[in-house]
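The listed protein sequences derive, respectively, from chains F and C. Under UniProt numbering, think of the first position of the first sequence as 1, with each following residue one higher. Under UniProt numbering, think of the first position of the second sequence as 1, with each following residue one higher. Worksheet: one structure, shown below.
Number of protein chains: 2
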Amino acid sequence: MSRKPTLGTVAKEAGVSIPTVSQVLRGTGRISESTRDKVLRAAKKLHYVPDFRAAAMRSGENREIGFVINQLSNPFNAEVVSGVVDLLETEGYMVSILDTRDDAQRQTSQLEAVIKHGRGGLLWVPAFDTPTETFDLLAAHKMPTVTFLRQVNETFDHVGIRNAEATRKATEYLADLGHRHIAYLGGTDMTIVRSERIEGYKRAVSERALGPCILWDSMDNKLAGLEAMQALLRAHPEVTAVVCNGDMVAIGACLALSRSGQRPGGDVSVIGFDNIQDAAVSTPALTTMGVSPNKLGQILAQVILRRIHNPEMPLTVSEISAELIVRESTGAPSPR
Amino acid sequence: MSRKPTLGTVAKEAGVSIPTVSQVLRGTGRISESTRDKVLRAAKKLHYVPDFRAAAMRSGENREIGFVINQLSNPFNAEVVSGVVDLLETEGYMVSILDTRDDAQRQTSQLEAVIKHGRGGLLWVPAFDTPTETFDLLAAHKMPTVTFLRQVNETFDHVGIRNAEATRKATEYLADLGHRHIAYLGGTDMTIVRSERIEGYKRAVSERALGPCILWDSMDNKLAGLEAMQALLRAHPEVTAVVCNGDMVAIGACLALSRSGQRPGGDVSVIGFDNIQDAAVSTPALTTMGVSPNKLGQILAQVILRRIHNPEMPLTVSEISAELIVRESTGAPSPR
DNA sequence: CAAGATTGGTATAACGATATACCATGTGTC
DNA sequence: GACACATGGTATATCGTTATACCAATCTTG
Chain F
1 MSRKPTLGTV
11 AKEAGVSIPT
21 VSQVLRGTGR
31 ISESTRDKVL
41 RAAKKLHYVP
51 DFRAAAMRSG
61 ENREIGFVIN
71 QLSNPFNAEV
81 VSGVVDLLET
91 EGYMVSILDT
101 RDDAQRQTSQ
111 LEAVIKHGRG
121 GLLWVPAFDT
131 PTETFDLLAA
141 HKMPTVTFLR
151 QVNETFDHVG
161 IRNAEATRKA
171 TEYLADLGHR
181 HIAYLGGTDM
191 TIVRSERIEG
201 YKRAVSERAL
211 GPCILWDSMD
221 NKLAGLEAMQ
231 ALLRAHPEVT
241 AVVCNGDMVA
251 IGACLALSRS
261 GQRPGGDVSV
271 IGFDNIQDAA
281 VSTPALTTMG
291 VSPNKLGQIL
301 AQVILRRIHN
311 PEMPLTVSEI
321 SAELIVREST
331 GAPSPR
Chain C
1 MSRKPTLGTV
11 AKEAGVSIPT
21 VSQVLRGTGR
31 ISESTRDKVL
41 RAAKKLHYVP
51 DFRAAAMRSG
61 ENREIGFVIN
71 QLSNPFNAEV
81 VSGVVDLLET
91 EGYMVSILDT
101 RDDAQRQTSQ
111 LEAVIKHGRG
121 GLLWVPAFDT
131 PTETFDLLAA
141 HKMPTVTFLR
151 QVNETFDHVG
161 IRNAEATRKA
171 TEYLADLGHR
181 HIAYLGGTDM
191 TIVRSERIEG
201 YKRAVSERAL
211 GPCILWDSMD
221 NKLAGLEAMQ
231 ALLRAHPEVT
241 AVVCNGDMVA
251 IGACLALSRS
261 GQRPGGDVSV
271 IGFDNIQDAA
281 VSTPALTTMG
291 VSPNKLGQIL
301 AQVILRRIHN
311 PEMPLTVSEI
321 SAELIVREST
331 GAPSPR
């Protein structure tokens, strides 16, 4: 009992050969009932647990999947992870989560770690400024990869949200309520997601012949949203509605309004994106574009499983639509 | 280029032997400048990345650590994870995160997965009803283990918070403000953390000769906190202050007060635990018992590194104190 | 210039598992 | 009783590394 148990120690304990133990534990080969019993008892007694890494090395089958995500503290992402893990765990896979915190350098080292540590597949929310070298690296290692949210090129499977469609619907909804000066708030740098969402906003603004487009940056957290909204209100007092890049920003924006004595949904309408759990609980309850993170997670899991099982499968792109969830933070503009 | 690159393919490309390549890449042994160059060029050309699993198998050194946590969607935990990962990544370790969602069965399968997949160390927030079998399993595999938050026995290193001290300080602070009827809200089942925290609350109540102890259950999320607080107010209208088991519960409790027309910090005081990011941003800003999650994460990382490096080291228990952070959700009771 | 020391590498075994091939038995058939 | 065939297992090679041992050159040194 001085070292950790292996097939060898179990075999010795049971008085049989190593391949026999392996066959018993995996249920392959032809084994008599009596030796089966001996082996199982020995394995249990020694608390034997197979070493999947050694097994993977020989058999080529690898049941570990890396999930490289941009921001784990975002509840939307956390729920997607839950959806992925639920499905993959029942299939016998282990998911290990890595958080890049949107840092391109950390991303590089983490993707390399995914390869080094021999993961059999990769789910990945790419950073905007991912170097092309990274794509070569993944390709050279034949890593089954699914990108999530941000599509980087045509060599990986992709699962995402119809962003442009969603922000267009959100903007049109606000226009239908009677708003003419609608701003877009949130999103950092020039991420793909943000440009898609802004595109949808812009299209709605131009189709409905609304006032000029007003774009305002903010990180995706409540504090940043609060501060950005305060600045936006000062710079553009004519704005009566904002489409936000995420619920966290939107909740921050509502806070800014409340603190300056205005009523979200009355004086200024706010619409979020993601439908995180807080959206329903916050005050006022947030109108938002919702996608089911759990459903997204399950689709991700299915796609990576199919890719692993059949590496020659043609590329797939799955996009799902966001739905407008009307709550209290939007309403008709108050007459001036 | 048909398979993924290995030492063998690099060796062939460079025209040297496999051990030579290994030595060049790890900087060991005596190698001439010219062959070093050849090897490095070949490795770069083929996008070679070492297979840590194979290396770990042979050398026994293992740079993967599993972090089995009870609830990833809790921002406090997410921040602890960040602290752990930051320190361990700079030391060349990879951290893979598993979320049990406080499900004992999932915990069992995930701990087994940590062993199966050959992690070299384990950080673990144990579920309350962890079977003793699990301890045997970890011991049999000589898994370097550090428990976090919930100490289960005297065989693992532990990092935690002085819970009893914290809730006692919180309760005393409320008593000093003049409150006589103080309730304790939150915590599910009979977890160790909860019983420690309740112990501190009880001690303060008895030492200050306050009214009877009032304990009220709630899950640690905003919605549950909201509903629990509503029920508590109906059952015990005399209560003027609540000590909460977590910030999420406390924020929910504040919401319940606001919705029923009462002012948190005026009519009823609320004090949280954890000092999550939302605590400062929520309305009213939450008074809470704060511990630095980042600091906790770094201590966790240091302890597991020491344990891995020196398995015979005597057991360590690190506890850090929470500090009272006064914001707007507490105040003197209004005269009746 | 012979003996030892240094330099720069290679051969081989091992880590813990699985896959393939093979070898003892016992059992049925004519 | 000679043959095929099923049953129940073992021997051996292999996955991609690293550790140990060793060897062939070249360089010192007295």
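Where a beta carbon is used, it is the ideal one built from N, C-alpha and C, also for glycine. All values reported here derive from a predicted model rather than from experimental measurement.
Whole angstroms is fine: what's the gap from residue i's alpha carbon to residue j's?
i: C/R263; j: F/E79; result: 32 Å
i: C/F128; j: C/I192; result: 7 Å
i: C/G331; j: C/T171; result: 13 Å
i: C/M1; j: F/I18; result: Note on C/M1: pLDDT 45, under 50, position unreliable in the model; the coordinate value appears next. Their backbone Cα atoms lie some 35 Å apart in a straight line.
i: F/Q110; j: F/L122; result: 11 Å
i: F/L305; j: F/M289; result: 29 Å
i: C/N245; j: C/Y184; result: 8 Å
i: C/R119; j: F/K116; result: 14 Å
i: C/L222; j: C/R3; result: Correcting the residue type first, residue 222 of chain C is Lys in the shown sequence and not Leu. If I take the Cα positions, the gap works out to 51 Å.
i: C/A285; j: C/Q105; result: 37 Å
i: C/L257; j: C/V268; result: 8 Å
i: C/T147; j: C/N77; result: 14 Å
i: C/K169; j: C/N275; result: 15 Å
i: F/R234; j: C/A253; result: 33 Å
i: F/R307; j: F/E64; result: 14 Å
i: C/G27; j: C/V21; result: 10 Å
i: residue 343 of chain F; j: F/P335; result: This structure leaves residue 343 of chain F out entirely; chain F is present only between 1 and 336.
i: C/L255; j: C/R208; result: 29 Å
i: C/G29; j: C/R36; result: 11 Å
i: C/L46; j: F/E112; result: 14 Å
Does residue i pass the burial test, meaning 16 or more other C-beta atoms within 10 Å, or should it be called exposed?
i: F/E196; result: buried
i: F/P144; result: buried
i: F/L174; result: buried
i: F/N74; result: buried
i: C/N62; result: buried
i: F/S329; result: buried
i: C/A231; result: exposed
i: residue 337 of chain C; result: Residue numbering for chain C in the displayed model covers 1 to 336; residue 337 of chain C lies beyond these limits and cannot be assessed.
i: F/V326; result: exposed
i: F/M313; result: exposed
i: F/T167; result: buried
i: F/D102; result: buried
i: F/T9; result: buried
i: C/R194; result: buried
In three-state DSSP terms, what is residue i?
i: F/C254; result: helix
i: C/T28; result: coil
i: F/G121; result: strand
i: C/G225; result: helix
i: F/Y48; result: coil
i: C/M219; result: coil
i: C/F76; result: helix
i: F/G200; result: helix
i: F/D267; result: coil
i: F/T240; result: coil
i: C/L300; result: helix
i: C/E319; result: strand
i: F/M1; result: The predicted position of F/M1 is uncertain, since its pLDDT is 45 and thus under 50; a value taken from the coordinates is nonetheless stated next. It is coil, neither helix nor strand.
i: C/Y184; result: strand
i: F/F128; result: coil
i: C/D99; result: strand
Answer yes or no: do residue i and residue j have a C-beta to C-beta separation smaller than 8 Å?
i: F/V114; j: F/L149; result: no
i: C/L210; j: C/I182; result: yes
i: F/L324; j: C/V281; result: no
i: C/D99; j: F/V85; result: yes
i: C/I97; j: C/F67; result: yes
i: F/H141; j: F/A241; result: no
i: C/A224; j: C/V243; result: no
i: F/V205; j: F/S318; result: no
i: F/N163; j: F/G187; result: no
i: C/L88; j: C/V81; result: no
i: C/M57; j: F/A54; result: yes
Does the segment 64-73 of chain C touch the segment 40-50 of chain C, meaning 3 or more C-beta pairs lie closer than 8 Å?
no
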